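>
Number of protein chains: 2
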Amino acid sequence: MEPDLKNNKPESDFDQCDFICVHESVVNQVLNAMPKEQELLDLADFYKVFGDATRIKILYVLSQSEMCVCDLANLLQMSQSAISHQLRVLKQMRLVKFRRDGKTVFYSLSDSHIETILAQGMEHISE
Amino acid sequence: MEPDLKNNKPESDFDQCDFICVHESVVNQVLNAMPKEQELLDLADFYKVFGDATRIKILYVLSQSEMCVCDLANLLQMSQSAISHQLRVLKQMRLVKFRRDGKTVFYSLSDSHIETILAQGMEHISE
DNA sequence: TTATTATATGAATAACTGTTCATATGTTTA
DNA sequence: TAAACATATGAACAGTTATTCATATAATAA
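Residue numbers (our numbering), protein chains in the order written: chain A, 1 to 127; chain B, 1001 to 1127.
The following block contains the structure:
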């Protein structure tokens, strides 16, 4: 038995607006398709990393060539400290990897997946 | 004539660390491949929108079904005002579109491109 | 018209974030 | 060993942001 589309309020938690879309089958379908709360938080955190121009620039530079911290700072005209702080964020999210060579630390993209993501975003904004 | 790898300081702006990577050809190559400053800022702003759990949730719900503001609020257990503010952000970045039906406003994803981006992010974090 | 309902929005606030500054760590060279 | 250099990091500060609250707008119903 299909419930009445306009009056299915009593047993639903979603009972504040009385429109068609407040319909258990749709609501349940949506809820089932939703990833777990933690996954959603992680996904937001992942994108948060891309949501800063400095980090975007670093990722673009590293997509061209591995580079040391000092050169990144010079290339982007920013302080070594600022770059280092942002590299830490990128490192924590596993977007970049690094290797040490004497005093110098070289950073590079952790995988080419990152470039695909950047390209996809670029595609969207240039429409 | 290739400049000396260890001593190309004098005419370069990138002259604080004296490593191999401070090399004009590499630097120029990287600079040429860099998108324009404004594009980078736009790209960061674009990703910034994905960098919030509430907006991510809204996008996931809308990827399943168009939905009115009130139902989104109920489904996500948040205030109508909070949802409305976030929908405005999503609208401004052209991630969602809407249609009015009487008092109700239905939101939906502006294109399926968005789902691809979400899927790609999800793929990265589940490794 | 007035009342009701759905949505939008401005202001205020609390939490978060990116940079700077000072300094610490780690490596190499003298 | 000490000095120099590249990088990392904690604290502080300024700017940003997400939510709440109150209220405005818009459409419908009475």
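Every residue, glycine too, gets a C-beta built ideally from N, C-alpha and C.
Quick caveat: nothing in here was measured; it's all calculated off a predicted structure.
1) Which whole-angstrom value describes the C-beta separation of ALA1033/B and ALA53/A, a residue pair presumed to lie in contact below a C-beta threshold of 8 Å?
2) Which residue spans inside the stretch 50–91 of chain A form an unbroken alpha helix (DSSP H) run of at least 4?
3) Determine the closest residue to LEU1095/B out of ILE1125/B, LEU1075/B, SER1063/B and GLY1102/B, with distance taken between C-alpha atoms.
4) Could you check what DSSP says for LYS48/A in three-state terms: helix, strand or coil?
5) For the putative contact between LEU87/A and ILE58/A, defined by C-beta atoms under 8 Å, what is the C-beta separation to the nearest angstrom?
6) What residue range is occupied by the uninterrupted beta strand (DSSP E) comprising LEU131/A?
7) Step through the CB atoms of chain A and report whether any lies within less than 7 Å of the CB of ILE1058/B.
8) From the beta carbon of TYR1107/B, is the nearest beta carbon of chain A less than 7 Å away?
9) Starting from ALA1033/B, find everything on chain A with Cβ-Cβ shorter than 7 Å and list it in chain order.
10) Quick one: measure Cβ to Cβ for ILE1125/B and ASP42/A, integer angstroms, because I've assumed they're closer than 8 Å.
11) Strictly under 7 Å for the Cβ-Cβ distance: is ILE20/A near chain B by that measure?
12) When you compare the CB of MET1078/B with every CB in chain A, is at least one pair closer than 7 Å?
13) Measure from the C-beta of LEU942/B to each C-beta in chain A and report whether the shortest distance is under 7 Å.
14) Short check: CB of ILE56/A to CB of LEU1040/B, under 7 Å?
15) List the residues that DSSP assigns as beta-bridge partners of VAL1026/B.
16) Who are the near neighbours of GLY1121/B in its chain, counting only those whose CB is closer than 8 Å to its CB and skipping five residues on each side?
17) Closer than 7 Å, CB to CB, is ALA1053/B near chain A or not?
18) Taking C-alpha atoms, which residue in PRO35/A, LEU75/A, ILE117/A and ASN28/A lies nearest to VAL1026/B?
19) Beta-carbon within less than 8 Å of PHE46/A's beta-carbon, same chain only, minus the 5 sequence neighbours each way: which residues are those?
20) Which residues in chain A sit within 9 Å of VAL1096/B, going by Cβ to Cβ distance?
21) How is LEU1109/B classed by DSSP in three states: helix, strand or coil?
22) For ASP101/A, is the classification buried or exposed, using 16 other Cβ atoms within 10 angstroms of its Cβ as the cut-off for buried?
23) Nearest CA to the CA of VAL89/A: which residue from TYR107/A, LYS103/A and CYS70/A?
24) Should LEU82/A be flagged as near chain B, meaning a C-beta pair shorter than 7 Å?
Quick look at the numbers:
1) Their Cβ separation, rounded to whole angstroms, is 17 Å, which puts ALA1033/B and ALA53/A out of contact at 8 Å.
2) 53–64 and 69–75
3) SER1063/B
4) Three-state DSSP puts LYS48/A in a helix.
5) 7 Å
6) With chain A represented from 1 up to 127, any question about residue 131/A goes unanswered, as that position is not in the structure.
7) no
8) no
9) In chain order: GLN64.
10) That pair is a contact at about 5 Å.
11) Only weak support is given to the placement of ILE20/A: the predicted model assigns it a pLDDT of 49, under 50, and the value that follows is read from those uncertain coordinates. So, not an interface residue.
12) At a cut-off of 7 Å, the C-beta of MET1078/B has no neighbouring C-beta in chain A.
13) Since the displayed chain B opens at 1001 and closes at 1127, residue 942/B lies outside it and no answer follows.
14) Closer than 7 Å, so yes.
15) DSSP lists no partner for VAL1026/B.
16) PHE1050
17) yes
18) LEU75/A
19) MET93
20) None at all; the shortest Cβ gap to chain A is about 13 Å.
21) Collapsing the DSSP output to three states places LEU1109/B in a strand.
22) It is exposed - the Cβ of ASP101/A has fewer than 16 other Cβ atoms within 10 Å.
23) TYR107/A
24) Note that residue 82/A corresponds to Ala in the displayed sequence, not to Leu. ALA82/A does not count as touching chain B.
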